[in-house]
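A.B. asks:
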Amino acid sequence: EKRNDEALNDFNKAIGLKPDYVTAFNNRGIAFMNENRNDEAINDFSKAIELKPDYTEAYNSRGVVFMNEKRNDEAINDFNKAIELKPDYTEAYNNRGVVFMNEKRNDKAINDFSKAIELKPDYTKAYYNRGIVFMNEKRNDEALNDFSKAVELNPDYAEAYNIRGVVFMNEKRNDEALNDFNKAIGL
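Heads up, the sequence shown is in the numbering used here, so the first residue is -2 and it goes up one at a time.
Set out below in structure tokens:
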């Protein structure tokens, strides 16, 4: 919290000295986002985009704020713009996939998570997210594959062990479920 306050002060100074400092607006927006000061974050990301219309990171970050506020259409628009500007932007595919997942648009979600994985084969979060969609669709084998890949890539990923344990329970594979729950608790 204190570090974030110091960062905000530094960004304010930088913007005061150079009012068209695009990176400072983006970074201050991230600091505001970290404090759930969403309106201020959106304003800073919007200012960064106004100053630099091809600033993919600002579109992605503003999309995350919109997503967190359940402003899904605006979030999707920002992720679409980020992907249009940078077609290999894995985080934007993953984030747009989360919006689609939240809207139960599972095919679109799976496509976005798969694209993120295709672009970055070690993208743990995309495997986890795609596994959630597979689990919700009762596609347990595919879910298990994705959660297993997530923990292979990140052996300290407690959430992935936990959710894989849930799938094992659904499959009546109780010993494996118990192992995963114990692993998650131990992390």
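The beta carbon of each residue, even a glycine, is placed where N, CA and C say it ideally should be.
What beta strand (DSSP E) runs, 3 residues minimum, are completely inside the region 71 to 155?
C.D. replies: Runs of the beta strand (DSSP E) inside the region 71 to 155: none found.
A.B. asks: For Leu141, count the other beta carbons within 10 Å of its own beta carbon; 16 or more makes it buried, fewer makes it exposed. Which is it?
C.D. replies: Per the 10 Å Cβ criterion, buried.
A.B. asks: Using only the alpha-carbon positions, how far apart do Leu184 and Asp109 sit?
C.D. replies: So the two alpha carbons sit approximately 29 Å from each other.
A.B. asks: Nearest to Ala38 by alpha carbon, out of Ala21, Pro50, Asn137?
C.D. replies: Closest by alpha carbon: Ala21.
A.B. asks: Mark Arg0 as exposed unless 16 or more other C-beta atoms lie within 10 angstroms of its C-beta, in which case mark it buried.
C.D. replies: Arg0 should be labelled exposed.
A.B. asks: Relative to the C-alpha of Tyr158, which candidate in Asn167, Ala174, Tyr52 has its C-alpha closest?
C.D. replies: Comparing Cα-Cα distances from Tyr158 to each of Asn167, Ala174, Tyr52, the minimum goes to Ala174.
A.B. asks: Could you tell me the distance, in whole angstroms, from the CA atom of Arg127 to the CA atom of Tyr120?
C.D. replies: Near 11 Å, if we compare the C-alpha coordinates of Tyr120 and Arg127.
A.B. asks: Can you tell me whether Lys44 is helix, strand or coil according to DSSP?
C.D. replies: Here Lys44 sits in helix by DSSP.
A.B. asks: Look up Val158 in the DSSP assignment and say whether it is helix, strand or coil.
C.D. replies: A quick correction: the sequence has Tyr, not Val, at residue 158. Three-state DSSP puts Tyr158 in a helix.
A.B. asks: Can you tell me whether DSSP reads Lys10 as helix, strand or coil?
C.D. replies: Helix at Lys10.
A.B. asks: Could you give the DSSP three-state label for Glu3: helix, strand or coil?
C.D. replies: In the structure shown, Glu3 sits in a helix (DSSP, three-state: H, G or I).
A.B. asks: What distance in whole Å lies between the Cβ atoms of Asn137 and Glu168, which are believed to be in contact at a cut-off of 8 Å?
C.D. replies: About 6 Å; that satisfies the 8 Å criterion.
A.B. asks: Tell me whether Asn33 sits in a helix, a strand or coil according to DSSP, three-state version.
C.D. replies: Three-state DSSP puts Asn33 in coil, outside helix and strand.
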